[in-house]
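In what follows, a structure is listed as structure tokens, so that the remarks can point back to it.
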Amino acid sequence: MRDLSRRALDTATQQGAGYADVRLVRRQDENLTVKSGRVEAVSMGETEGFGVRVLVDGAWGFASSGRLDAAEVDRVAGLAVRIARASGTALRHRVRLDDRPPAVGRYETPLQEDPFELSMDVKIDLLLEADARLNGVKGIAFTETMYHAQRE
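Residue numbering for the sequence shown follows the numbering used here, beginning at 270 and increasing consecutively.
Written as structure tokens, this is what we have:
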């Protein structure tokens with residue numbers, strides 16, 4: 270992943286970006302749906318991708334993709350530069366950045382309980398219980414309860 274990040278930065282600067290940054294994302298999703306007491310849907314998935322943001326002659330450009338390979342990284346970095354150049358034709362004020370050194374970081378949200386560690390049975394039971402309580406309210410004819418967890 271770091272090699273692809275470095276490649277995107279190199280490609281963007283070689284094509285004229287005075288500034289470039291890359292964000293790599295890997296996302297895991299889990300979704301459950303209960304409708305009127307019945308489990309309707311269960312889905313789990315994982316996606317990954319990256320975005321390249323550049324500054325060319327005071328104009329921002331951005332492009333992204335869900336494919337992580339060298340050719341795609343080159344294409345997307347070049348596209349971000351072309352978008353910045355196109356954006357520059359309509360600018361009233363050019364962006365100027367100061368001389369701070371680049372930052373590299375990682376952030377993890379603190380968790381009390383990781384939802385991905387709970388068993389599927391526990392999650393379904395909680396949804397069914399919530400759905401049953403909703404159905405017990407006078408005047409409610411249809412219920413839908415959903416669970417969504419995302420890790421990025």
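C-beta: ideal position from N, C-alpha, C; glycine also.
Alpha-carbon to alpha-carbon, residue j and residue i
i      : j      : result
Glu315 : Asp298 : 6 Å
Gln419 : Arg369 : 33 Å
Leu360 : Leu348 : 19 Å
Glu377 : Glu398 : 31 Å
Glu382 : Ala372 : 30 Å
Gly405 : Leu396 : 14 Å
Arg402 : Pro379 : 31 Å
Arg351 : Ser334 : 16 Å
Ile409 : Ala310 : 22 Å
Residues bridged to residue i (per DSSP)
i      : result
Asp290 : Arg322
Glu421 : Glu421 is not bridged to any residue.
Thr414 : Val303
Val391 : Its beta-bridge partners do not exist; DSSP assigns none.
Ala310 : Thr302
Ser356 : None; Ser356 has no bridge partner.
Cβ-based burial, residue i [other Cβ within 10 Å; buried from 16]
i      : result
Val345 : buried
Gly330 : buried
Leu278 : buried
Leu301 : buried
Thr358 : exposed
Three-state class that DSSP yields for residue i in the structure shown
i      : result
Val342 : helix
Gly327 : coil
Gln284 : coil
Asp279 : helix
Arg402 : helix
Glu382 : coil
Ala372 : coil
- Task: Please determine if the segment 323–330 and the segment 284–298 are in contact, where contact requires at least 3 C-beta pairs separated by less than 8 Å.
- Result: yes
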